[in-house]
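Per the working numbering, the sequence shown starts with residue 9, numbered consecutively.
What follows is a set of notes on a single structure, which appears directly below.
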Amino acid sequence: MKITVVGYGNIGAAVTKQLAKAGHDVIVSGRDLDKARAVAEEHGAKVLPLSETGTQSEAYVLAVYFEAVKDVLASIGDVSGKILIDPTNPLTADFMGLTVGHSTSAAEEIAKLAPGAKVVKAFNTLFAQVIDAGADFGGTPAAGFVAGDDADAKVAVAGVLESLGYAPIDAGGLVNARYLEPVAGLNIYLGYGAGLGTQIAPTWIKR
Ligand SMILES: NC(=O)c1ccc[n+]([C@@H]2O[C@H](COP(=O)([O-])OP(=O)(O)OC[C@H]3O[C@@H](n4cnc5c(N)ncnc54)[C@H](OP(=O)(O)O)[C@@H]3O)[C@@H](O)[C@H]2O)c1
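This is the structure we're talking about:
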């Protein structure tokens with residue numbers, strides 16, 4: 009898939025690495041093209057200014073803070089018909105709480121900012137360190153939850169996750185990002201608050 013990764017921090021770099029390794033056509037972009045270029049060059053991806061990514065991308069990974077998504081979308085321009093993969097968690101400053109929830113979610117707020125785009129919640133329950141190291145946990149793939157309202161977009165993002173080695177789990181409509189974002193909150197608590205470290209990932213088992 010032709011994917012632009014917006015952001016070149018922990019998540020942006022890890023997702024770029026794995027997408028490129030899996031053979032996707034990856035562009036890295038963001039507000040600082042020198043930083044984007046450094047990550048792109050490391051992983052064999054391309055770099056483009058946000059305003060020029062539109063014709064070359066079927067999907068965007070919004071690997072920035074939830075609060076920055078508005079600025080990013082303004083710089084990209086028209087994203088109608090595009091898939092917006094949303095890994096954001098709307099965290100409080102101490103990372104131990106969520107700034108929105110129950111009656112909305114970061115994903116739903118992003119969908120309001122980009123009417124016409126197909127927002128799919130994904131990657132938010134995975135630590136960047138897990139994404140960087142790969143989906144395999146000793147023979148068991150980590151879960152790749154997807155939530156979204158466009159069935160085709162959700163299948164496409166599930167396919168991307170599968171290509172990276174994750175076991176995709178269809179978590180329902182975008183409204184269920186209200187569940188997935190707190191799952192990430194619990195993951196962060198367990199990793200940092202309870203001291204389990206960052207090589208952990210939530211999954212679901214079925215008997
Ligand atoms: N880290 C994790 O393990 C993890 C796991 C799951 C989900 N997430 C979510 O993924 C997102 C990125 O997290 P991260 O850990 O990768 O953060 P990070 O390493 O701090 O990187 C943040 C990225 O956002 C960009 N950014 C910040 N403000 C911006 C703005 N106003 N306009 C455009 N770009 C802006 C930064 O660019 P500059 O360097 O130019 O400021 C940088 O590329 C967050 O929403 C986070 O909740 C993180």
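Glycine included, C-beta positions come from ideal geometry on N, C-alpha and C.
For residue i, which three-state DSSP category applies?
i, result
"residue 183", "helix"
"residue 67", "strand"
"residue 149", "strand"
"residue 190", "helix"
"residue 72", "coil"
"residue 99", "strand"
"residue 83", "helix"
"residue 29", "helix"
"residue 177", "strand"
"residue 196", "helix"
"residue 118", "helix"
"residue 89", "coil"
"residue 56", "coil"
"residue 156", "strand"
"residue 169", "helix"
"residue 214", "coil"
As a quick exercise: from the options, pick the residue whose alpha carbon is nearest that of residue i.
i, options, result
"residue 102", "144, 39 and 193", "193"
"residue 77", "202, 93 and 89", "93"
"residue 156", "188, 42 and 143", "188"
"residue 107", "11, 75 and 120", "75"
"residue 69", "104, 32, 49 and 105", "32"
"residue 110", "13, 204, 12 and 190", "190"
"residue 130", "147, 146, 180 and 145", "180"
"residue 153", "146, 163 and 145", "163"
"residue 201", "104, 86 and 145", "104"
"residue 18", "34, 119 and 43", "43"
"residue 117", "53, 184, 214 and 86", "184"
Would a C-beta distance cut-off of 7 Å place residue i and residue j closer than the cut-off?
i, j, result
"residue 186", "residue 113", "yes"
"residue 67", "residue 91", "yes"
"residue 115", "residue 169", "no"
"residue 158", "residue 126", "yes"
"residue 151", "residue 128", "no"
"residue 81", "residue 121", "yes"
"residue 195", "residue 148", "no"
"residue 59", "residue 10", "no"
"residue 12", "residue 61", "yes"
Among the residues of its own chain, which have a CB less than 6 Å from the CB of residue i, if the five just before and after it don't count?
i, result
"residue 15", "38, 71 and 72"
"residue 47", "16, 21, 24 and 36"
"residue 51", "24, 25 and 28"
Between which residues of its own chain and residue i is the CB-CB distance below 7 Å, once the five residues before and five after are set aside?
i, result
"residue 41", "55 and 57"
"residue 199", "135, 205, 206 and 208"
"residue 144", "173"
Please return the same chain residues whose Cβ sits closer than 8 Å to the Cβ of residue i, not counting the five positions on each side in sequence.
i, result
"residue 212", "151 and 177"
Below 8 Å, can you find three or more Cβ-Cβ pairs linking the segment 172 to 179 to the segment 80 to 100? no
Report yes or no: do three or more beta-carbon pairs, one from the segment 126 to 140 and one from the segment 199 to 213, lie closer than 8 Å? yes
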